[in-house]
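With UniProt numbering, letter number 30 in the sequence shown gets 30, and the count goes up by one each step, no holes. Worksheet: one structure, shown below.
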Amino acid sequence: MKGGSIELGEVSKNTSRSKGVKRGLSIMDFILRIVAGVATLASAVAMATTDERLPFATAFIQFRAEYDDLPSFVFFVTGNSIVCGYLVLSLVLSIFHIVRSTAVKTRILLIVLDTVMMGVLTAAASAAASIVYIAHYGNTKANWFPICQQYNSFCERISGVFL
Numbered sequence: 001m002k003g004g005s006i007e008l009g010e011v012s013k014n015t016s017r018s019k020g021v022k023r024g025l026s027i028m029d030f031i032l033r034i035v036a037g038v039a040t041l042a043s044a045v046a047m048a049t050t051d052e053r054l055p056f057a058t059a060f061i062q063f064r065a066e067y068d069d070l071p072s073f074v075f076f077v078t079g080n081s082i083v084c085g086y087l088v089l090s091l092v093l094s095i096f097h098i099v100r101s102t103a104v105k106t107r108i109l110l111i112v113l114d115t116v117m118m119g120v121l122t123a124a125a126s127a128a129a130s131i132v133y134i135a136h137y138g139n140t141k142a143n144w145f146p147i148c149q150q151y152n153s154f155c156e157r158i159s160g161v162f163l
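In structure tokens, the structure reads:
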């Protein structure tokens, strides 16, 4: 810097450094989207494949516990599936941001959609977590008894989805 003016070399260094930081953040965004997509897919599959059957008196009469018996678990699987699909589709824009780090409108679109998907996932997880709590501890005031003493593997699996 001479006499209060910025030299051309300093401007190009700052611009290239800024592009490098934006590209690095875009790569991190891409990796996080892949990790989140795998996590939501695994969570949806783990919950959707949860079931247990208990024999009652004979082998022909059985009690069963499946995820689709409870609407909160169906909402959880549906919400995770929707978010996983969104994350897979958003990988295209994430790759676009790696190539073109100056895109602003699509970044704002992703931020808005990410916020919506976070709300869907939070609502689904909260609803399912409340049912898992009831399954473990029950609610004596409402005469809801805990079922986890009978359905051990079912309860272990639905609890493991949240870990």
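The beta-carbon is built from N, C-alpha and C at its ideal position, and this holds for glycine as well.
The shortest CA-to-CA distance from residue 153 to any of 113, 31 and 135 is the one to 135.
Within its own chain, the residues whose Cβ lies closer than 8 Å to the Cβ of residue 64, once the five positions on either side in sequence are excluded, are 51, 52, 53 and 54, listed in chain order. Cβ contact annotation for residue 98 (same chain, cutoff 8 Å, sequence separation greater than five): 23, 26, 27 and 30, in chain order.
About 6 Å separates the CB atoms of residue 82 and residue 120; that is less than 8 Å, so the two are in contact. Apart from the 5 residues on each side of it in sequence, residue 130 sits with its Cβ closer than 8 Å to the Cβ of 72 in its chain, given in chain order. Taking C-alpha positions only, residue 40 is separated from residue 84 by approximately 6 Å.
If you check the CB distance, residue 79 and residue 123 come in under 8 Å.
Classified as buried, residue 107 has 16 or more neighbouring CB atoms from the shown chains inside 10 Å of its CB. Within the UniProt domain "Casparian strip membrane protein" (23–160), the runs of beta strand (DSSP E) at least 3 residues long that lie entirely inside it are, in chain order, 51–56 and 58–66. Annotated as proximal: residue 46 and residue 161, with beta-carbon spacing under 8 Å.
Under a 10 Å Cβ-count criterion, residue 145 is classified as exposed, with fewer than 16 other Cβ atoms of the shown protein chains found around its own Cβ.
Using a Cβ distance threshold of 8 Å, residue 77 and residue 48 count as a contacting pair.
A direct Cα-Cα distance of roughly 27 Å separates residue 155 from residue 117.
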